[in-house]
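For reference, the structure discussed in these notes is given below.
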Ligand SMILES: NC(=O)c1ccc[n+]([C@@H]2O[C@H](COP(=O)([O-])OP(=O)(O)OC[C@H]3O[C@@H](n4cnc5c(N)ncnc54)[C@H](OP(=O)(O)O)[C@@H]3O)[C@@H](O)[C@H]2O)c1
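Residue numbers (the working numbering): 1 to 284.
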């Protein structure tokens, strides 16, 4: 499958293999309090973001839903213009996956999620099978428009292929120049599964790296903008988190320049398998 070309604007969408589209750029709200979430989601929508990434685990689905509704009311924006993702916290049974999804929808005050992800592969093969069946049925019933996974390793993606079940549209994994997960990226790209980069700023751990700084200088951009643009040019969906209004805005100003293929190669060479948060892609 060809790697998608980066979209041209903040609202630009990529095609997913189920026929739906996802904005390539969005706001992540991990480790935000309810008030921070409300304020940041509202502000991000005001400056043009149309994609919000939350999860049951982040305990801020309610604030995301409330901010989205208030923004829609104030601006006349239609819900279909905004893309909201949440994630299943724990893999247990078919029934509990359905129940947890409905709980997330209720907290968010939504009748559907644009995307619902299995947050990790933890739980074992049989449990994963049951949970995925629940998500497939939830999609059929209209509770979610698209379904995907997160933190799934290559062997977990291979399970879907072997079982001949519908493939996830997305695999959300930690992806940035210092963590490139080549094996996972390859199996996803070969099968038309979009990669979504969590921690696209390496969770602020490499902002002083000289290579990224020098590429940033060349483009009169900051280091965060270079890391995010790198993700876009690789065809990844990127969802940086910030609680600062000025950084929420500057992180989105990455559609007016291009990193040369030479500089992309230099950034590609920085992979050091940097683990910035949890690392569960190899679980049984
Ligand atoms: N599926 C998963 O398992 C998983 C795991 C982790 C994250 N995620 C998702 O991915 C999203 C992004 O990942 P993340 O939040 O872990 O990390 P990230 O976006 O890579 O980095 C966030 C960090 O960078 C700082 N930052 C943001 N913009 C900046 C800028 N322009 N200049 C300097 N510092 C900046 C933030 O601080 P300030 O807030 O102070 O700006 C924060 O400390 C999450 O919010 C979540 O939605 C998913």
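We treat Cβ as the ideally placed atom computed from N, Cα and C, and that holds for glycine.
Near ligand 2: residue i beta-carbon under 7 Å from a heavy atom
i           : result
residue 245 : In the structure on display, ligand 2 does not appear, and the ligands it does have are ligand 1.
Contacts around residue i, its chain only, beta-carbon distance under 6 Å, and the 5 residues preceding and following it disregarded
i           : result
residue 245 : 43
residue 135 : 147
residue 34  : 60 and 63
residue 67  : 38, 41 and 42
Of the listed residues the options, nearest to residue i (C-alpha basis)
i           : options               : result
residue 175 : 61, 38 and 276        : 276
residue 7   : 266, 250, 236 and 164 : 236
residue 210 : 278, 177 and 171      : 177
residue 186 : 34, 283 and 171       : 171
residue 70  : 41, 98, 95 and 96     : 41
residue 53  : 266, 95 and 240       : 240
residue 227 : 46, 254, 67 and 249   : 254
residue 20  : 75, 80, 219 and 259   : 80
residue 18  : 217, 193 and 284      : 193
residue 204 : 188, 217, 197 and 223 : 223
residue 27  : 16, 45 and 13         : 45
residue 112 : 120, 94 and 138       : 138
Same chain, Cβ closer than 7 Å to residue i, neighbours up to 5 away in sequence not counted
i           : result
residue 91  : 118, 122, 123, 127, 128 and 131
residue 48  : 10, 11 and 252
residue 242 : 248 and 251
residue 110 : 65 and 84
Environment of residue i [buried if 16+ CB atoms lie within 10 Å]
i           : result
residue 208 : exposed
residue 161 : exposed
residue 257 : exposed
residue 3   : exposed
residue 230 : buried
residue 102 : exposed
residue 221 : buried
residue 279 : exposed
residue 199 : buried
residue 153 : buried
CB-CB length for residue i against residue j, believed under 8 Å
i           : j           : result
residue 107 : residue 62  : 5 Å
residue 264 : residue 233 : 6 Å
residue 140 : residue 88  : Actually they do not touch by this definition, with Cβ atoms about 17 Å apart.
residue 273 : residue 179 : 6 Å
residue 1   : residue 268 : Rounded, the Cβ-Cβ distance is 20 Å, inconsistent with contact.
residue 173 : residue 201 : Between residue 201 and residue 173 the Cβ distance is about 15 Å, and since that is not below 8 Å, they are no contact.
residue 144 : residue 168 : Residue 144 to residue 168, Cβ: 12 Å. No contact.
residue 115 : residue 22  : 7 Å
Close beta carbons around residue i, own chain, < 8 Å, minus the five adjacent residues each side
i           : result
residue 100 : 56, 88, 89 and 90
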